[in-house]
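In what follows, a structure is listed as structure tokens, so that the remarks can point back to it.
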Amino acid sequence: MLRYIAYRSLVALFLVWLVVSLVFLLLHLIPGDPAELLLSQGSLAADPAAVAALRERMGLNDPLWRQYLDHLGGVLTGDLGTSFRDGAPVAEQIALRLPRTLEVIGAATLLAALLGVPLGTYAAVRAGGKADGLLSLLSSIALSTPVFVVGSVAILIFAQKLQWLPAGGFVSFSEDPVQHLKLLILPASAVAISLWAVITRMTRATVIEVLERDYVRTARAKGLSRAPILRRHVVRNAMIPVLTITGLEMGTLIGGTVLVEFVFNWPGLSGYLVSAVDARDYPEVVGIVIVISMLFVFLNLAVDVVNALLDPRISLVKS
Amino acid sequence: MTRTTRKLLLPGTLIGLILAVIVLAPVLPLHDVRAMDVPNRFAGPSAAHWLGQDEFGRDVLARLIWGGRASLFIAVGSALSAAVLGTLLGLLGGYFRGVVEALTVRASEVILCLPPLLLALLVVTILGAGTGPLMVALTLLYTPNYARVVYAATLQVRALDFVTAQMAMGAHPLAILWRTILPNVMPPLLVQMSLVVASAMMIESGLSFLGLGVVPPTPSWGLMIRAARGAMEVSPLLLLWPSLALAGTILIFNLLCDRLQAVLDPRNVTAGGALWLRKGPRRAALPAVPAATDGPLLAITDMAISVNTSERSLELVRRADVSVHSGETVALVGESGSGKTLTSLALMGLLPDQLGISRGQALFRGRDGRVTDLAQLDEDGFRRFRGAEISMVFQDAAAALNPVHRIGDQLAEALRDTGDAQEISRRVVDLLRHVGIPDPERRQRAYPHELSGGQRQRAMIALAVANAPRLLIADEPTTALDPTIQAQILHLFQKLKSDTPDMGLIFVTHDLAVVAEIADRVVVMYAGEVVESGPVAQVFARPRHPYTAALIASVPEGAADRLVAIPGTVPPPNAMPPGCRFAPRCAHALPACSAAPPGAERPDPARITRCIRWKEVT
Amino acid sequence: MTNGLNRRHFLATSLAAGGLGFLGTRAALAQEGGTLRFALSAFPPNFEAWTSTGTAAGTIKLLMHRGLLSYGPDGMLRGELAESWETDAEGAWVFKLREAKWHDGSPVTAEDVAWTIAEVANPDNAAFRQGQLAMITAVETPDARTVRMVTEEPLAVLPGWFAHYHMPILKKGEPKDTQIGAGPFMLDAIDRGVSLSLKAFDGYYKEGLPKLAGIQAIVYADENLRVAALQAGDVDLAEYVPWQAMDQVETDSALKLDVVDGPFMYLTFNGSRAPFDNPLVRRAAAHAINRADIVAAAFFGRGGALEHLPIAEGSEFYNAEFANAWNYDPEKAKALLAEAGYPDGFDCTMLSTAQYGMHQSTAEVCQAYLSMIGINVTLDLPEWSSRVQKGNEGQYDLAIMGTTADNNDPDGLVSVVDGSLPNNFVRSFGMPTPEITALFARGRAAFDPAERQAIYRELEQVAIDTAPIVGLAWRAQGYGMKSNVNGFANLPGQLTFYSGITLEETFFG
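Protein chains in written order, with numbering that gives the first Met the number 0: chain Z, 0 to 318; chain G, 0 to 617; chain B, 0 to 508.
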């Protein structure tokens, strides 16, 4: 198993390197000069001498291969460089922002799973019934409604009209835990909606499948009552594919919370990336892409490992 | 119209409608999407502008339709180009494997290392916003999905005999790909397609919303939502229309995807769900059963098992008469489809949801001496008996044991009247030892897949006898095993019988050699009916039914082979012949045999046969 | 049952008590001036005091730092670190400093000023005022309170340079992104990209100021959310209220709106190639567009038509005769086009950006009107960064731009109109304007108000005739605030982004 993980990690690192190199090269190809942009904030004309001086300071006058090797060398030693904009260490900034994005994803996943697994199981047990039809409709709607629509409407209702919750923003947990959680509710719920739909549907499908399995009949033959059968033999087994899907969905969310972070002013990693791309802050963009793709690839690996732990039949070494 | 086409009718029609409106947009009498009418901005719906006017006073309905054109053009266009590209990569990778696979399927999977929205964002910033870049971004994004699906399907199809044959005959690989593999991967491709269109629309609208997608003044739903958001409070309807259109269209494509999946993979269609899980209304008190002070452990009389469909009811098993005395082993014999397994499942209340006992009685004498009619029990009623009084060994232990729980835990779960953890553990180890599993202390921690087939079956048996049931039903417990292991398991049953002399055993099998070895009495079933029963020695020595005779004759000397020697096959349940069900295959059949179902005849007080000619033919 | 009730009652009271306790601390703070929560539109990209880092950063600079001068709520120059300023006999500017302290307690001296000027003039520091301050040939500090700036020729506009928010004075030897300033507030905590907290500096040189105990600046990049936060009571003051929400803020009884017309939208042209190298074509474009629709569509009626150079009506340099010089007159536009040799119009591309709604909307309206005189415009709407680069490189025929001038003096328009400056996206590409360049130079050197008015009238006449840029619309710039926020003022005209200076006088009441 360890050997397998090591092998997969190597492949993953290779992929990350590929992705990062690609992004690095592409970034330099796209229009937009970071120095010019920085100095023309507020639509003011920048002085060409100042721009030239700044370009030199940013190292943008070096040949591209030189910049690439310098950057890669830094990355290998764990140094993601410093922001073009204010010289802040990129790694430090990512460390600050990543937990916030993970928090939204985590809270959303928790919410989605807590609602989705029981409801999906219920729908499976009542398959073909009215409740099942209703849930199927609801989950289809949830899957089809873009998160920015949900977010905008939620702000209008809960913040502006009812004034139950703040409209958006961020306060660190240590500063004001209550406000922090209040601010988390809307973005996490918005993300949770589509995730809930995915989990509900997946749970329903796998529970239906598991219910047909012989071992569920065996459990009935043992004389177990409904609850333990459902818990230990149906849901427990059905959770394996549900967990896989949830894990993969979480992976796509790492870079995919852009819209939610924008709508709710949640200062996470995705929004950071967009602002870095906007400002052509190359070290920041490359650093964030490294972190996101690493997380993504390793999350997928983790999903496989957890799967193997949950389902003793899966042997990682053989696959 | 078949059920499948009916299912596709709704989403198909809706998509057809949407496409028609969008395709016809240039000829529809719509306002110019760019014509501004600033003085009338935010005007509500009117006769001239059915859905009102937007922040520039432009007609919302026209923009909605043209916006759909842009959104769908991008979504469908990129879904198609990704499909072509991905299919090509998947086909090549799956067919040629090796280096080609690395260059096609694996290479495309690099794209999957990036979260989708991030990738789209990067591509669009690099290429600039607009319809073209969006399509490039989305095509890139979805190519690996197709490549994967097609690759997997190609691998499967490639292994099929007819493809191997074509390869062996030297057909050109491209011809094989084109002729045989492509049609075979179409169904998963179709499903993938509707999925991708929905997802592409979602991403397109998101990027347009961020200002990175479709370039104005071309309308797009994402852009309309973006613009309407600012004026949400002034004119909420402006936000509503594009949101509805977007969500609605995605919903329809998702629906199409679901329906397609259901149609192409009918396995997933489960209408009923698991009825046993639902708590039904509690049944009225069971009718009193005349209790004799002594009698058989189990007496099944004239039992029928039917399919309960709304249209009609079809009896799969009928006129089943079986009795088991305590300490007795009764073998239930017959070809597959004879109803022997259904009969045994009915005794446990484990019949599939669509089936039920429709007639007759199955009187069971419990440990406390009370007699219960199993045919009247509901799920809760059965639960009292399962495991404790009646239990069952299933045919395929590999499937019947839960793969994710340890053997010991599954066994512990079955135990009744348990004590503390130590006590449970001791009993589990004892049980495993009892059924002959070596090193039970260690083995109880094993998962089912870590045991050999024979050991799994032993564990299954341990599960069944955990609470010393009064009646054990073994449903072809040796069929899936090697002959040597079969003998060992049979031996185990014999041991269990001698250890618990009061236990009744119903042994379901199609193997007469096994019957001879283990059973006291034999019940022969054919096409859902009991055709003959009696003591094993007598029945084997002198069968009183032509079917039994044929069965015995078909067994090769000293070997337990499949019963293939009887000409013809068991008729399907919906085409049962009137009269004697064996008549069409019977060498001795007369016209009278097909006239009416034969009644039970007793050639001997201990024996029953359902052949009107038993006296002549046996 | 009674138990349950009691329990619930107990919980309720204890919660209420907790809440009151919390309110109590807030109330205590309010007595000392309270903390104002200010919704910023962007987080400062960095804290380099002299770099052009945007208007949001400018507001923060106006809290932390002080320049020699500033503009008061009336829009007039006033002293800050400098008490008085005048030219001496040789035409050099002499600034007398007042007694002021840095945040570390040390006094502000003439040497700090001299050092600042030297640093800003150094191109390596990429300062916003580098070009102008390079014109100062010598800085003398006859005593600790006097700074004398020598220029080759007398410069009337020099004091205005030192009132800009990107031109604060820093303490000698401090890094250029230092947190030590002489302003009314000190930087307390930074949550990068999220918020900034500032607290009052008790050694500020203005007696009794600042009135607030602190300012919490929170970034709301999305304009809709900024308004939502104001309405939801999450913030007390918000900058950049989007035009579509201004009615909403005005009608909300809990809020008020302070709005001025300052920034402006205009067309820039690519003068290096046909057809817009021809002034007739540029003027045709100027007459083709109905400005009222831009104001209505892009700014929801918040702003005004701009049919001349962006010199505000209230300014002493406003020329009433030019007020409608570029009026909407499609017939005239067509005639001009025909005169230029394009009777049937032509195809061209217009650069704008999809990233900002107002740029996009303005472009859409212009496109619609230009098509009516036969100019078929293809819109190019990349995101902002690409738009800047394309603008700098001249990859367009005509473009939509929006900005503010440096200040209300016509010399503030140099960066927008003067074609002798290097190519830049804020002005037309490859379009020399020799007459205008000369007039700007004359205006800078003239001290007599009447003389200056005459020079700038001539300049505007030249601009109207040659149309190096074409004005489109004034756009309103609004601050929304809760009704209990007092003392904050939106400075007039081009100075709206200097309004942060009044936060020192802002209080709750």
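Note that CB positions come from ideal geometry on N, CA and C, so glycine has one too.
Within 10 Å of its beta-carbon, does A29/B have 16 or more other beta-carbons around it, so buried, or fewer, so exposed? Bear in mind that the predicted position of A29/B carries a pLDDT of just 40, short of 50, making it too unreliable to give a figure here.
Can you determine whether any heavy atom of the ligand ATP sits closer than 7 Å to the C-beta of K129/Z, and answer yes or no? Among the components of this structure there are no ligands whatsoever, and the ligand ATP is therefore not found.
Indicate whether G221/G and G229/G have their beta-carbon atoms separated by less than 8 Å. no
Just the C-alpha distance for V104/G and Q191/G, rounded to the nearest angstrom, thanks. 16 Å
Along the chain, where does the alpha helix (DSSP H) containing K129/Z start, and where does it finish? 129 to 143
Per DSSP, T348/B forms a beta bridge with which residues? T377/B
Taking beta-carbon pairs under 8 Å, can you tell me which members of the region 116 to 134 of chain Z lie near chain G? A123, V124, R125, A126, G127, G128, D131
For a cutoff of 8 Å on Cβ pairs, would you count L14/Z as touching chain G? yes
Distance check for V428/G and V563/G, CA to CA, integer angstroms please. Reliability of the predicted coordinates at V563/G is poor, the pLDDT of 48 falling under 50, and no value is obtained from them.
At a Cβ threshold of 8 Å, is E152/B touching chain G? no
R228/G touches chain Z at which residues, Cβ-Cβ below 7 Å? S151
Residues of chain G with CB closer than 7 Å to the CB of P241/B, please, in chain order. G229
Quick one: grab the DSSP three-state call for G386/G. coil
Taking Cβ-Cβ distances shorter than 9 Å, what residues in chain G pair up with G270/Z? The contacting residues do not exist; G270/Z stays about 11 Å from chain G at best.
Using a cut-off of 7 Å between C-beta atoms, extract the partners of F261/Z located in chain B. D221
8 Å Cβ cutoff met for S565/B and T267/B: Not covered by the structure: residue 565/B. The range shown for chain B is 0 to 508.
On the three-state DSSP scale, how would you describe K255/B? strand
Is it the case that the region 210 to 221 of chain B contacts the region 39 to 50 of chain B, given that we only count it when at least three CB pairs across the two stretches are under 8 Å? yes
Separation of E283/Z from A275/Z, as counted between CA atoms: 6 Å
Is the CB of F208/G under 8 Å away from at least one CB in chain B? no
Let me check understanding here. Comparing Cα to Cα, which of L335/B, L350/B, Y70/B lies closest to G344/B? L335/B
Let me confirm a value: A558/G is counted as buried when at least 16 other C-beta atoms fall within 10 Å, else exposed. Which label applies? Caution is warranted here: a pLDDT of 47 is assigned to A558/G, below 50, making its placement in the model unreliable, and the coordinate value is therefore given only provisionally. Classification of A558/G: exposed, given that the 10 Å Cβ count is below 16.
Starting from Q92/Z, find everything on chain B with Cβ-Cβ shorter than 7 Å and list it in chain order. R191
Just checking, does the region 204 to 218 of chain Z make contact with the region 160 to 171 of chain Z on the three C-beta pairs under 8 Å criterion? no
Given 8 Å as the limit, is there contact between the region 226 to 233 of chain Z and the region 247 to 266 of chain Z, that is, 3 or more CB pairs closer than that? no
Can you tell me which residues form a DSSP beta bridge with Q52/G? D58/G
Counting pairs of Cβ atoms below 8 Å between the region 465 to 475 of chain G and the region 388 to 400 of chain G, do you hit three or more? yes
With a threshold of 8 Å between beta carbons, is L87/G in contact with chain B? no
Give a yes or no on whether the C-beta atoms belonging to L589/G and R609/G are separated by under 8 Å. no
Taking only the alpha-carbon atoms, compute the straight-line gap between P132/G and K389/B and give it to the nearest angstrom. 18 Å
Pick out whichever of Y145/G, L236/G, A486/G, E334/G has its Cα sitting closest to the Cα of L550/G. E334/G
Where DSSP assigns a beta bridge to N466/G, which residues make up the other side? Paired residues: none, contrary to the question.
T217/G in three-state terms, based on DSSP: coil
Please report how far the alpha carbon of E102/Z lies from the alpha carbon of V241/Z, in whole angstroms. 21 Å
I need the DSSP call for N489/B, collapsed to helix, strand or coil. coil
By DSSP, does Q360/G sit in helix, in strand, or in coil? strand
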